[in-house]
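Residue numbers (our numbering): 5 to 160.
Cβ coordinates follow ideal geometry from the N, Cα and C atoms, glycine included.
Here's the structure, in structure tokens; my notes come after.
Here it is, written out as structure tokens:
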């Protein structure tokens with residue numbers, strides 16, 4: 005996947021995040037991209053424990069064989085939390101692309117009880133396992149776009 009393709013898929017994930025927000029959910033989104041660069045699934049956040057990446061990884065694991073998922077890429081607006089990275093690992097999704105890193109989430113959400121951000125990077129979670137999952141991110145050139153749906157969301 006080229007950098008331009010990654011950016012296009014990040015923007016697609018952002019559209020999912022904005023759609024989630026429009027339905028009253030946390031503004032996070034992700035897409036699953038197949039080895040042919042086609043979007044296979046999309047998922048927005050549902051609630052505090054049903055994050056976009058976790059829900060998508062579970063659906064993907066139910067729909068596809070592990071060997072196929074190893075060739076796929078999960079593209080997320082922000083770096084997945086430890087729960088989501090772990091679910092992605094167990095689902096056997098071989099690559100992650102994320103737009104903004106988890107440290108920026110804390111700056112956006114503050115101490116909001118619906119998003120008690122952990123200081124544990126997805127690279128650390130994946131590095132603790134036996135499989136080498138490729139990770140690409142963050143992408144500072146689209147950070148402002150990805151932050152926009154969060155700017156006033158967490159003030160409620």
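Classification of residue i by the beta-carbon crowding that lies within 10 angstroms, buried from 16 upward
i, result
"residue 27", "exposed"
"residue 58", "buried"
"residue 20", "buried"
"residue 132", "exposed"
"residue 134", "exposed"
"residue 31", "buried"
Paired residues, beta bridge with residue i - DSSP
i, result
"residue 10", "According to DSSP, which records beta bridges pairwise, residue 10 is partnered with nothing at all."
"residue 78", "36 and 100"
"residue 45", "36"
Own chain, CB closer than 6 Å to residue i, minus 5 neighbours either side, in chain order
i, result
"residue 44", "36 and 38"
"residue 22", "153"
Residue j beta carbon less than 7 Å from that of residue i
i, j, result
"residue 129", "residue 104", "no"
"residue 102", "residue 123", "no"
"residue 99", "residue 77", "yes"
"residue 106", "residue 138", "no"
"residue 65", "residue 48", "no"
Chain-order list of residues whose beta-carbon lies under 7 Å from that of residue i (same chain, five-residue window excluded)
i, result
"residue 17", "33, 34, 35, 79, 80 and 81"
"residue 70", "96"
Review point. Which ranges would you report for the beta strand (DSSP E) in the region 80–139 if only whole runs of at least 3 residues count?
Key: 99–104
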